[in-house]
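Protein chains in written order, with our numbering: chain A, 1 to 166; chain B, 1001 to 1197. Notes for the one structure printed next.
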C-alpha cells in the first residue's frame, strides 16, 4: 500500500521535473507569452495586453532598430520592462526631450542599446537611465495575441522622428 | 519478421522518449543549477587557471586579464571552475565573491571578476573617469584581482545585476588546485561607506 503510494509520488515528481525542464527550455530558447502592464508603450501595446515574445533573435544577436523588446530592468533585475529599440551600438541618438530648445545627441556605446517607450510623455526609458547593455535583453515581441480585435503583428513606431539616420 | 519490426519500433520509441527526457533536463540543469567553465586570460591570474573545455563553448568564453588569483600558470595551464547558477537565483551576492557575468561591452562573451562593492557603497576607483563612485541601485562594482591588466568596472563602470551569470564556487582542475573559493575582499578595496551590512 505504502510502496504503491510512494511509487506514484515519485512518478508524479518525475513528470513534474520533466515538464518543468521542457517549459524552461521552451521559454529560454524559443519564446513565451507575456502580459504587459503600464502605459509606456501606448498606443502600440495597451495595459494588460497579451503578446508573444520570441527568444531566438536574442540568441542569434539579430535584434534590429525598431524592434519591441522585453528587457530586464537595469535598476531592478527581478522585473522586466518592455520598450522599443531606438538605437543599436554606434547609432546616434537624441538624449534631450522634444520640448528642449537645444538638442543634445550622443552615440550608443558598444554592446548597448537605446530604448524608448512609444508613449514618450509617460515612459521612463533610456532618456532616464541611459543606454542598456545588450545582455539584459530577454526577448523580442513579435505578435500581439489579446485583445483579439488587435491581433497580429505590431505596428511601427509612431515616433519616427526619434530614429536618427547617420 | 514481425518480431524484428516490433523490436525496431520499440527501440525507436524508447530512444525518442529518452531523448526528450534527457535533453531538456540536462539543458535546464546547466542553465539553472551549475556548469563548468574554463577560465582564460590573466585578469584573475593566480587564483583560477584554465584547462577544461566548457560544453557550450560558443556562449561561455571567459576572458580575464588580471592579477593571479585564477590562472597562475598562464596560457599553458588554465583553471577549470564550477559555476553555480542556483546560488544567485535571487541576485544576492556578497562583497568578495568571484562571479561570472555577461560582458557589458560584448554580449557574446562572459567575464569572471570579483565583486568589490554592492549597491549604495561608495568606493575609490582605480583609473575610472570619476575618482569616487556611489554604486547605483541594482548595480555592482566588479574588479579583476590583477589591476593593471583587467577589463572591469574601472573601464566600464558599475554593472547591472541583471547581467550576473553565475558564482564561481570551486576550482576543479588541476587537481593540485582543488579548493573552495571563499569570498575574500582585498583590504585596500574595502568601500569607504557601506549602505547595507
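Cβ coordinates follow ideal geometry from the N, Cα and C atoms, glycine included.
Check, Outcome
"Buried versus exposed, by CB contacts within 10 Å (16 or more), residue 1188 of chain B", "exposed"
"7 Å Cβ cut-off: residues of chain B touching residue 93 of chain A", "By Cβ distance, chain B contributes nothing, its closest Cβ being about 18 Å from residue 93 of chain A, past 7 Å."
"is_contact[residue 30 of chain A, chain B] using C-beta, thresh 8 Å", "no"
"Beta carbon proximity, residue 75 of chain A to chain B, threshold 8 Å", "yes"
"C-alpha gap between residue 1031 of chain B and residue 163 of chain A, whole angstroms", "36 Å"
"Coarse secondary structure for residue 87 of chain A, derived from DSSP in three states", "strand"
"Residue 61 of chain A in three-state terms, based on DSSP", "coil"
"Residues within the stretch 1155-1171 of chain B neighbouring chain A, beta-carbon criterion of under 7 Å", "1160, 1161, 1162, 1163"
"Contacts of residue 107 of chain A in chain B (Cβ-Cβ under 9 Å)", "Those within 9 Å of residue 107 of chain A in chain B number zero; the least Cβ separation is about 14 Å."
"Contacts that residue 1104 of chain B makes with chain A (C-beta to C-beta distance below 8 Å)", "111, 112, 133, 135"
"Simplified DSSP state of residue 11 of chain A, which is helix, strand or coil", "helix"
"Closest by C-alpha distance to residue 1146 of chain B, when choosing among B:1097, B:1161, B:1086, B:1041", "B:1041"
"Meets three-Cβ-pair contact criterion under 8 Å: the stretch 1095-1111 of chain B and the stretch 124-137 of chain A", "yes"
"Straight-line Cα distance separating residue 1034 of chain B from residue 1019 of chain B", "21 Å"
"Integer Cβ distance of residue 1162 of chain B from residue 72 of chain A, believed to fall under 8 Å", "4 Å"
"Distance CB(residue 1192 of chain B)-CB(residue 1126 of chain B) smaller than 8 Å", "no"
"Sub-8 Å separation of residue 1183 of chain B and residue 1096 of chain B beta-carbons", "yes"
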